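Those protein sequence lines, which keep their order, are chains L and D.
Per my numbering, residue 16 is the first one in the first sequence, and the count goes up by one each step.
Per my numbering, residue 350 is the first one in the second sequence, and the count goes up by one each step.
Note that beta-carbon positions come from the ideal geometry of N, C-alpha and C, so glycine has one too.
No experiment lies behind these values; they were computed from the predicted model shown.
Notes for the one structure printed next.
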Amino acid sequence: MIWVNVLIQGILVGGFYALFACGLSLMFGVMKVINLAHGDVAVVAGYTAVFLAPQLHVAEVWSFIVVVPIFAVAGYVIQRTLIQKSIDRDPFTTLLVTFGFSVVIENLLLAIYSANGQSVNIGSLIGDSIHVSNVIYVSYISLTVLIVAIVVLGALQLFLSKTGTGRLIRAVADDREAAQLSGANYRHIFGIAAAIAFATVALAGIAYGMMTEIAPTSGGINLLYAFESVVIGGIGSLWGTLVGGVLLGIAQQVGAQINPEYQVLAGNLLFLIILGVRPHGLFGKKSAFS
Amino acid sequence: MSANPSSPSPSGSFDIRRSTHSPLLNVIGLGALVVLLSAAPWIVSQSLASILMNFFILVTMATMWNLLAGYAGMVSIGQQAFVGLGAYATLYFAIKGMNPFVTIPLAALVCGAIAFPVTFLLFRLRGGYFSIATWVIADTALLIIGTIAFFGGGTGHLLPGLSNLSPTALTDAEYLATWIVAFFAILGTYLLLRSRLGLVLASMRDNEIAARSSGARVTSARRMVFVVAAAGCGAAGSVLAISQPFVQPNSVFSLQWAAEMIFVTMIGGLGTIEGPIVGSIIFFVLQQSLQQQGAWYLIIFGTVAMVVAIWQPRGLWGAFRQRFHVELLPVGHWVREGNADT
């Protein structure tokens, strides 16, 4: 029964990893850049929910209604200014700039709010759980996050395949020059993709703050998990990322079951093994590598 | 970038040389600097000597990161893996009874040996994914070291074998160790870039596909650079352990090392040997003047690095070199049409 619980907890946390990762994946797919500050954006969103929501007299549970749109706009603006400026140089510069951005954000949070963790207050919901058996508990918040992750991934998939803007995004991702010749303003499309990425990762950051504590350094470690989910599932596949996140979550829970010290290590090892034996991931296309 | 002085050229002759001025000036100037820095612990105050020690450690790391990113196009944000592993290699050999100073080259070798197989995994990923993967490697190394009871797990371990020296002799020896490591890191990079490998790297940087199709072994050149950079960071980690001398996993594997080596290289000048040194000087001046403000020096430095990367990607030294045509450690070739003899 313990192992069933390990499996369930792994699946629950895997949904969170996929939610965290989908923006990373989208930005890489569309702009061919990795935002190394992706995790720190989530942390800032969590802090915004904690410190801004009470100012606006919004209950922290519902803070995402305010915070997510703010981050969508911020994503668009940052893409059109800072990131676009670096892309205009080369992808290499983007890495340097977003890495700098990441370190600056992390240290600003440290300087302003100290290293203490912050939680998004969700009242009694935090302790409530479905009591399946003696050893199996499914907490409402984790289950909610998993459902939200699946809904977001599904909505993103639908958006990309069914809507006009979605088709434009895919067109720009496939062939920027050709899309541009057909009249698409690729900079604007990049902005929209970044807006989606920032909105989803903001949601993930708030969810993280609800499930546990966010600290200035939480961004980096969650970026690692998100990245591992993407590579395990296969670069360029949204549902693959969900499976990757779930597998990563299970690996971590199995590791933790053996020894709490092995939790993260087990996830890293799964990632390295997948990278060694199946570098294009479980559902990835080989073309994503060229 | 291929330089062949004897090849005929369409418009008369080309004048190809490495240096813009007499190399003798460089040799004399650098020689004097080397002598001065070697004698520094007996000249300058103890506090300045200890700042210089940290300066040399940073110069070593930044020089290695510059080799990776500035010359081979690999943005590693996980070089702290090798800083940490170098520190722990020295700790291991010292616990086994060796003199810590003797273990410095061994630590470099160990890190190079670990880096070699790691490249086979890392090189499956490109660009940004490569960068994050290097971080995963660093995180994994930190976690594994943290579980080893022999090294004191997460709390760390005091580096033994330094107590038989008197405090002043120890400081002098530490200073010389950091200085010699930095010296060899710079000299090694300089010689490497002037070798055949340097030519392969330059051709790869200019046009990778053209380089590959001309038969340049791009992947093995990258692998070589990664291994050398790991060895260099290992040596830096080793002297870091000696200078601390309490070796604690979260401190030697800290992401801060990556941040510092990246920022000083970006500000000083990516892809020039002098750049990381210039950047490190600026870093320590800034750090000393902002000492009281905690994390702010990293915030300011990171912001400056971003600005430099976007508007002046060759950094301060790159801008200076472009303006005044001065190179202290030339690794490329200056090509001029005609017999310009200046």
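Can a CB atom of chain L be found closer than 7 angstroms to the CB of Met410/D? no
is_contact[Thr496/D, chain L] using C-beta, thresh 7 angstroms: yes
Mind reading off the beta-carbon distance from Tyr539/D to Ile406/D? Whole number of angstroms is fine, and I expect it under 8 angstroms. Not quite, the Cβ-Cβ distance comes to about 19 angstroms (not below 8 angstroms), so this is no contact.
Are the Cβ atoms of Gly249/L and Tyr32/L separated by less than 7 angstroms? no
Range of the contiguous alpha helix (DSSP H) that encloses Arg543/D: Pro516 to Arg543
Spell out whether any CB of chain D is found under 7 angstroms from the CB atom of Ala230/L. no
Where Ser101/L meets chain D, residues with beta-carbon distance less than 9 angstroms: Met655, Ala658 and Ile659
Buried or exposed for Ser244/L, please, with buried defined as at least 16 other CB atoms from any protein chain shown within 10 angstroms of its CB. buried
Run through DSSP, which three-state label would Val588/D get? helix
How would you list, in chain order, the residues of chain L whose beta-carbon sits under 9 angstroms from the beta-carbon of Leu470/D? Leu287, Leu290, Gly291 and Pro294
Using a 10 Å radius around the Cβ and a threshold of 16 neighbouring Cβ atoms, would you call Asn50/L buried or exposed? buried
Please name the residue, chosen from Gln172/L, Pro275/L and Phe107/L, that lies closest to Leu41/L on a Cα-to-Cα basis. Gln172/L
To the nearest angstrom, how far is it from the Cα of Ala74/L to the Cα of Ala87/L? 20 angstroms
For Val153/L, the first and last residue of its enclosing beta strand (DSSP E): Tyr152 to Ser154
Per DSSP, Val596/D is paired with what? His506/D
Chain L contact for Ser480/D (CB, 7 angstroms cutoff): yes
Check His146/L in the structure and name its three-state DSSP category. strand
Who are the neighbours of Arg104/L on chain B, taking C-beta pairs under 9 angstroms? Protein chains in the displayed structure are L and D, and chain B is not among them.
With 16 as the cutoff for other CB atoms within 10 Å, does Asn283/L come out buried or exposed? buried
Backbone secondary structure at Phe575/D - three-state DSSP: helix
For Trp660/D, does the count of other Cβ atoms within 10 angstroms reach 16, so buried, or fall short, so exposed? exposed
7 angstroms Cβ cutoff, Asn122/L in contact with chain D: yes
Output yes if chain L places a C-beta closer than 7 angstroms to the C-beta of Gln671/D; else output no. no
Rounded to a whole number of angstroms, what is the C-alpha to C-alpha distance between Asp690/D and His295/L? Per-residue confidence for Asp690/D stands at a pLDDT of 47, beneath the threshold of 50, marking its modelled position as unreliable; the derived number appears in the next sentence. Cα to Cα, Asp690/D sits roughly 55 angstroms from His295/L.
Are the C-beta atoms of Glu192/L and some chain D residue less than 7 angstroms apart? no
For Pro357/D, is the classification buried or exposed, using 16 other Cβ atoms within 10 angstroms of its Cβ as the cut-off for buried? Residue placement at Pro357/D is poorly supported in this model, since its pLDDT is 46, which falls under 50; the coordinates still yield a value, given next. That one is exposed.
When you compare each of Arg566/D, Gln636/D and Ala430/D to Ser587/D by their alpha carbons, which one comes out closest? Ala430/D
Gly628/D: buried (16+ other C-beta within 10 angstroms of its C-beta) or exposed? buried
First and last residue of the beta strand (DSSP E) that includes Phe363/D? Phe363 to Arg366
Ignoring anything shorter than 4 residues or poking outside the segment 455-510 of chain D, list the alpha helix (DSSP H) runs there in chain order. 476-495
Kindly provide the ranges of any beta strand (DSSP E) runs that are 3 or more residues long and lie completely inside the segment 63-148 of chain L, ordered along the chain. 144-146
Exposed or buried, Asp555/D, counting other C-beta atoms within 10 Å across all chains shown (16 or more means buried)? exposed
Residues that Ala644/D contacts on chain L, provided the C-beta gap is smaller than 7 angstroms: Asn122, Leu125 and Ala126
Which listed residue (Ala57/L, Val81/L and Ser157/L) has its alpha carbon closest to that of Leu67/L: Val81/L
Any idea if Gly383/D is buried or exposed, counting beta-carbon neighbours within 10 angstroms, 16 or more meaning buried? Correcting the residue type first, residue 383/D is Val in the shown sequence and not Gly. Label assigned to Val383/D: exposed.
So, for Ser233/L: in the same chain, excluding its five sequence neighbours on each side, which residues have a beta-carbon less than 6 angstroms away from its beta-carbon? Val58
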